[in-house]
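Reading through the structure tokens given below for one structure.
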Amino acid sequence: MEIKILGSGCSNCVKLEEMTRRVLSELGVPATITKVTDIKEIMSYGVMSTPALVIGNEVKVYGMVPPKARLTEIITTELVKSEE
Amino acid sequence: MLQAFANWITYQALHLARGTRLADAVNFFVYDTIKILLLLAVIIFLVSIIRSFFSPERTRKLLSHKKQFAGNIIAALLGIVTPFCSCSAVPLFIGFVESGVPLGVTFSFLISSPMVNEVALIMLWGLFGWKVALLYIGAGLTVAIIGGLVIGRLKLEKEVEEYVFQVKMQEAAIAELNWKDRYEYAYQYMKDLLKKVWPYVVVGIGVGAFIHGYAPQDFLARYAGRSNPLAVPLAVLIGVPLYSNAAGTIPIVHALMEKGMAIGTVLAFMMAVTALSLPEMIILRRVLKPKLIAIFVGILAVSITAVGYLFNAVL
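Those sequence lines, one after another, are chains P and L. Residue numbering for the first sequence follows the working numbering, starting at 1 and increasing by one per position. Residue numbering for the second sequence follows the working numbering, starting at 1001 and increasing by one per position.
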């Protein structure tokens, strides 16, 4: 699974990254997490409010750090989709 | 009920004698701290739910290709309800410009959004009453609309960093939120914000309580009263470096007003604290050339000072 965290280094971006790593290790899902800090690249996803979470090439969350349960839900759904 | 609780803490739990300065200050501190923190919790939660309907992405669509004037008014109003933190000022600015929001309209948004923010409004409402809170909204919107109009008139597009015009954005297919998401978002936001502001609230109210209890009546009347014409610009100057501490400054200012600071001076000071901040200017430097930043700060400082004088004269 390919995950991108968009954000130019604000505290919420760090929080979202940490939370994503934790959820992934709890689920035992192998994934690569890339941090995207370049403003032009962030905006190319159509996102203006950071942090944002991108899985595949789709924006899943933006402008907030979601509750952990919600994040787990998002990642599992994507996992099922990618296995189909 | 809150007052009864504050009385109980002061006179029963702490055994302070009624009417002493210390008892006065403690009573004031307990009452205001609890009141403000409760107000903050409830109102921020409600405001966050409303805000979940106004993402910056949606606001951008609403404002794109709007005309001057009508656009400035709508932008200033949307600035109140669109969630915004100065850390995302850069992507927001680029996003607005990219979708054809005129520069002046973008500035109306950028001015009103931090200035007319919920924390400042709640604190003003809780400490000064709803009339002052409404005045503050009115004054903030006016400054935002006029500031944006002036910047639009000056045709400063060439003072924006060139790369801003080269960014191309994709239309992101962003999922609609359901009610559960909205509650979760609002709760999360309230928690984060309270965690961030409560120390400022407590310290601010603490200092305010000290002034309330110990500073002599009218000790500011000579310096910050109506009769001193330098009070307003001075308040604006002092307000600029006090960034993001609306939560901490309002209680102090409230106590100062009791001691003779004039209302227009108070409002001008508050607007300077929230709208003109050094960190935000540094962030905006990434998209604006120094000349435009200087014009932006200048217009804001002048119009905030004007509003201060106006209120001092009228009220």
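Glycine included, every Cβ here is placed at the ideal spot set by N, Cα and C.
Residues near residue i in its chain [Cβ-Cβ closer than 8 Å; skip 5 each side]
{"i": "Val1160 of chain L", "result": "Val1097, Leu1103, Val1287, Leu1288, Lys1289, Leu1292"}
{"i": "Leu1177 of chain L", "result": "Ser1052, Tyr1185"}
{"i": "Gly1095 of chain L", "result": "Pro1056, Glu1057, Arg1060, Met1169"}
Buried or exposed (CB count within 10 angstroms, at least 16 for buried), residue i
{"i": "Thr37 of chain P", "result": "exposed"}
{"i": "Glu1118 of chain L", "result": "buried"}
{"i": "Val1314 of chain L", "result": "exposed"}
{"i": "Ser1113 of chain L", "result": "buried"}
{"i": "Glu1057 of chain L", "result": "buried"}
{"i": "Met1271 of chain L", "result": "buried"}
{"i": "Ala1004 of chain L", "result": "exposed"}
{"i": "Thr32 of chain P", "result": "exposed"}
{"i": "Leu1278 of chain L", "result": "exposed"}
{"i": "Thr60 of chain P", "result": "For the sequence presented, residue 60 of chain P should be read as Lys rather than Thr. By the neighbour-count rule (16 or more Cβ atoms within 10 Å), Lys60 of chain P is buried."}
{"i": "Phe1109 of chain L", "result": "buried"}
Coil, strand or helix - residue i by DSSP
{"i": "Glu2 of chain P", "result": "strand"}
{"i": "Lys60 of chain P", "result": "strand"}
{"i": "Pro1017 of chain L", "result": "Correcting the residue identity first, residue 1017 of chain L is Ala in this sequence and not Pro. In this structure, Ala1017 of chain L counts as coil in the three-state DSSP scheme."}
{"i": "Ala52 of chain P", "result": "strand"}
{"i": "Thr32 of chain P", "result": "strand"}
{"i": "Leu1039 of chain L", "result": "helix"}
{"i": "Leu1134 of chain L", "result": "helix"}
{"i": "Val65 of chain P", "result": "coil"}
{"i": "Leu1278 of chain L", "result": "helix"}
{"i": "Val1287 of chain L", "result": "coil"}
{"i": "Val1240 of chain L", "result": "coil"}
{"i": "Val1160 of chain L", "result": "strand"}
{"i": "Ala1215 of chain L", "result": "coil"}
{"i": "Gly9 of chain P", "result": "coil"}
{"i": "Lys1259 of chain L", "result": "coil"}
Same chain, Cβ closer than 7 Å to residue i, neighbours up to 5 away in sequence not counted
{"i": "Gly1071 of chain L", "result": "Leu1063, Pro1102, Val1105"}
{"i": "Leu71 of chain P", "result": "Met19, Thr20, Val23"}
Cut-off 6 Å between Cβ atoms - residues of its own chain near residue i, not counting five sequence neighbours on either side
{"i": "Val1201 of chain L", "result": "Ile1036, Ala1247"}
{"i": "Ile3 of chain P", "result": "Ala31, Ile33, Ile55"}
{"i": "Val1251 of chain L", "result": "Looking at the sequence shown, residue 1251 of chain L is not Val but Pro. Around Pro1251 of chain L: Gly1204, Ile1205, Gly1208."}
{"i": "Glu1280 of chain L", "result": "Ser1086"}
Report yes or no: do the segment 1053 to 1064 of chain L and the segment 1141 to 1148 of chain L share at least 3 C-beta pairs separated by less than 8 Å?
-> no
Contact set between the segment 24 to 55 of chain P and chain L, restricted to residues whose Cβ is under 8 Å from the partner | Ile39, Lys40, Ile42, Met43, Ser44, Tyr45, Gly46, Val47, Met48, Ser49, Thr50
Proximal residues, the segment 1045 to 1068 of chain L versus chain P, C-beta separation under 7 Å = Ser1055, Pro1056, Glu1057, Arg1060
Give the residues from the segment 1284 to 1305 of chain L that approach chain P closer than 7 Å (Cβ to any Cβ), ordered along the chain.
-> none
Taking only beta carbons into account, state which residues of the segment 1088 to 1115 of chain L come closer than 7 Å to chain P, listed in chain order.
-> Ser1088, Val1090, Pro1091, Leu1092, Ile1094, Gly1095
Determine, using beta-carbon pairs with one atom in the segment 9 to 27 of chain P and one in the segment 38 to 46 of chain P, whether at least three such pairs fall under 8 Å.
-> no
Does the segment 61 to 77 of chain P touch the segment 1010 to 1019 of chain L, meaning 3 or more C-beta pairs lie closer than 8 Å?
-> no
Examine the Cβ distances between the segment 1035 to 1050 of chain L and the segment 1114 to 1134 of chain L and report whether three or more of them are shorter than 8 Å.
-> yes
Chain L contacts from the segment 64 to 83 of chain P (Cβ-Cβ distance under 8 Å) = Met64, Val65, Pro66, Pro67, Arg70
Any contact of the segment 1079 to 1093 of chain L with the segment 45 to 56 of chain P, i.e. 3+ C-beta pairs under 8 Å?
-> yes
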